[in-house]
Amino acid sequence: EAEVAQSPRYKITEKSQAVAFWCDPISGHATLYWYRQILGQGPELLVQFQDESVVDDSQLPKDRFSAERLKGVDSTLKIQPAELGDSAMYLCASESGTSGRISGANVLTFGAGSRLTVL
Amino acid sequence: SQQGEEDPQALSIQEGENATMNCSYKTSINNLQWYRQNSGRGLVHLILIRSNEREKHSGRLRVTLDTSKKSSSLLITASRAADTASYFCATTRSGTYKYIFGTGTRLKVLA
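Residue numbers (my numbering), protein chains in the order written: chain X, 1 to 119; chain B, 1 to 111.
Structure, rendered in C-alpha cells:
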C-alpha cells in the first residue's frame, strides 16, 4: 500500500537552531499539506501546495517558517530559528487529484509525522 | 483556527460497548470526514460524508450529518481494544479546498 514518507521521525533541537522536515507524498498526488499538531489538539494547517505552487500559507509563521516543493513532488518544511513553542508533531499529507486542479473532495493520506522537541 | 469541536473530549468504555462521539462546526461545508489517530502516529481516514447525505455506514462505523445543526456524529459499534485512539472530524468549507480539523475525542476501550 502506498505511503507518505516523512523524515526524521523524531528531532530534538535547541532553541535558535535550524530544523528541517522532509515529506515524500504518494506518487501522483498533486496536493500536499503540512500540518502542525500540538499535543492534545487537532492538526492545524500550515501550508498547502498544488503541484509546486503554494495555495494557502496564511497560517504559516513566515518570519521563521518556510516551505517548498520545487518540482511538485517532495517537500521540505524549515524552521529557523526554532522556538520553544514550536515543539509539536509536524504532519505531511497528500491528496489525489488531477495536476492543476484542486479537489477538496478526496481523502487525505498522512505520513507518520515528525515529532519536534525544542529545548 | 479549528473549525470543529468534538464532544466529549475523552471517552472510556468497556470492550463490546458502543462509542458515540460528536462534532460541531461553524460554517457551511462541502463534506465532513472522520479520521483516527493512534498515539504518536499520523491520521488515518475512516469515512467521508457529503453535505447532501444524512447517514453513512462502513463496517462497524456509522456517521450521521445534520447540516441544519452543523453537527455530525460517529458511532463505533461493538468496540474493541484496538479502537483505542483519538478521533477527529475534518471539514472542507463551501467554496474552499482547505481541510479543517476539530479538537478530537480520545477514546479508550478497556478489555
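Yeah, the Cβ is synthetic: ideal placement off N, Cα and C, and Gly gets one too.
Buried or exposed, going by whether 16 or more other CB atoms sit within 10 Å of the CB of residue i?
i: Gly100 (chain X); result: Because the pLDDT of Gly100 (chain X) is 48, which lies under 50, any placement of that residue in the model is unreliable, and the question is left without a value.
i: Thr27 (chain B); result: exposed
i: Ala81 (chain B); result: exposed
i: Pro8 (chain B); result: exposed
i: Glu10 (chain X); result: Glu is not the amino acid found at residue 10 (chain X); the sequence shown has Tyr there. Per the 10 Å Cβ criterion, exposed.
i: Val54 (chain X); result: exposed
i: Gly16 (chain B); result: exposed
i: Pro25 (chain X); result: buried
i: Ser72 (chain B); result: buried
i: Gly119 (chain B); result: Residue 119 (chain B) is absent from the model: chain B starts at 1 and stops at 111.
i: Gly28 (chain X); result: exposed
i: Gln17 (chain X); result: exposed
i: Asp86 (chain X); result: buried
i: Gly111 (chain X); result: buried
Can you pull the chain X residues whose beta carbon is under 8 Å from the beta carbon of residue i, in chain order?
i: Arg41 (chain B); result: Ala112 and Gly113
i: Gln14 (chain B); result: Near Gln14 (chain B) there are no residues of chain X at all, since even the closest Cβ is about 24 Å away, more than 8 Å.
i: Leu61 (chain B); result: Here the premise fails: no neighbours, minimum Cβ distance about 14 Å.
Residues in its own chain within less than 6 Å of residue i by CB, not counting five upstream and five downstream?
i: Leu43 (chain B); result: Tyr35 and Gln37
i: Ser86 (chain B); result: Gln37, Gly104 and Arg106
i: Phe21 (chain X); result: Leu77, Tyr90 and Ser114
i: Glu5 (chain B); result: Ser24, Gly102 and Thr103
i: Gly95 (chain B); result: none
i: Phe88 (chain B); result: Tyr35, Phe101, Gly102 and Gly104
i: Gly66 (chain X); result: According to the sequence provided, residue 66 (chain X) is Ser. The question's Gly does not apply to it. Lys78, listed in sequence order.
i: Leu60 (chain X); result: Leu46 and Val47
So, for residue i: in the same chain, excluding its five sequence neighbours on each side, which residues have a beta-carbon less than 8 Å away from its beta-carbon?
i: Lys15 (chain X); result: Pro81, Ala82, Glu83, Leu84, Val118 and Leu119
i: Arg93 (chain B); result: Gln3, Thr27, Ser28, Ile29, Asn30 and Ile100
i: Ile13 (chain B); result: Ala19, Ser79, Leu107, Lys108, Val109 and Leu110
i: Ser58 (chain B); result: Leu46 and Ile47
Can you pull the chain B residues whose beta carbon is under 9 Å from the beta carbon of residue i, in chain order?
i: Leu45 (chain X); result: Lys98, Tyr99, Ile100 and Phe101
For residue i, which of the options has the nearest alpha-carbon?
i: Arg64 (chain X); options: X:Asn106, X:Leu46 and X:Ser7; result: X:Leu46
i: Asn30 (chain B); options: B:Leu110, B:Lys70, B:Ile76 and B:Ala78; result: B:Lys70
i: Thr84 (chain B); options: B:Val109, B:Ile100 and B:Tyr97; result: B:Val109
i: Leu61 (chain B); options: B:Arg50, B:Glu53 and B:Ser79; result: B:Ser79
i: Ile76 (chain B); options: B:Leu46, B:Gly40 and B:Ala90; result: B:Leu46
i: Tyr35 (chain X); options: X:Ser27, X:Ala2, X:Asp56 and X:Val73; result: X:Asp56
i: Ala10 (chain B); options: B:Gly16, B:Glu17, B:Gly4 and B:Met21; result: B:Met21
i: Ile79 (chain X); options: X:Gln37, X:Thr13, X:Glu1 and X:Val19; result: X:Val19
i: Lys72 (chain X); options: X:Ala30, X:Gln41 and X:Ile38; result: The sequence given here has Gly at residue 72 (chain X), not Lys. Comparing Cα-Cα distances from Gly72 (chain X) to each of X:Ala30, X:Gln41 and X:Ile38, the minimum goes to X:Ala30.
i: Asn52 (chain B); options: B:Leu32, B:Gly95 and B:Ile100; result: B:Leu32
i: Ile49 (chain B); options: B:Arg41, B:Thr64 and B:Gly40; result: B:Thr64
i: Lys56 (chain B); options: B:Phe88, B:Leu74 and B:Cys89; result: B:Leu74
i: Cys23 (chain X); options: X:Thr109, X:Glu44 and X:Gln6; result: X:Gln6
i: Ala93 (chain X); options: X:Thr13, X:Leu60, X:Ile12 and X:Pro43; result: X:Pro43
Got a sec? Which residues, its chain only, sit under 7 Å from residue i by beta carbon, not counting five neighbours each side?
i: Arg69 (chain X); result: Leu32, Phe49, Glu52 and Ser75
i: Pro130 (chain X); result: It is not possible to answer for residue 130 (chain X), since the shown part of chain X is limited to 1 through 119.
i: Ile38 (chain X); result: Ala88
Who are the neighbours of residue i on chain B, taking C-beta pairs under 7 Å?
i: Leu108 (chain X); result: His45 and Tyr99
i: Asp56 (chain X); result: Lys98
i: Gly42 (chain X); result: Gln2, Phe88, Phe101, Gly102, Thr103 and Gly104
i: Gln48 (chain X); result: Lys98
If the cut is a Cβ gap below 8 Å, which residues of chain B does residue i touch?
i: Leu91 (chain X); result: Gly42 and Leu43
Show which residues of chain X have a CB atom less than 7 Å away from the CB atom of residue i.
i: Leu48 (chain B); result: Val107
Which ranges would you report for the beta strand (DSSP E) in the segment 16-76 of chain B if only whole runs of at least 3 residues count?
If only complete runs of 3 or more residues are kept, the segment 16-76 of chain B shows the beta strand (DSSP E) at 19-24, 29-37, 43-50, 55-58, 61-66 and 71-76, in order along the chain.
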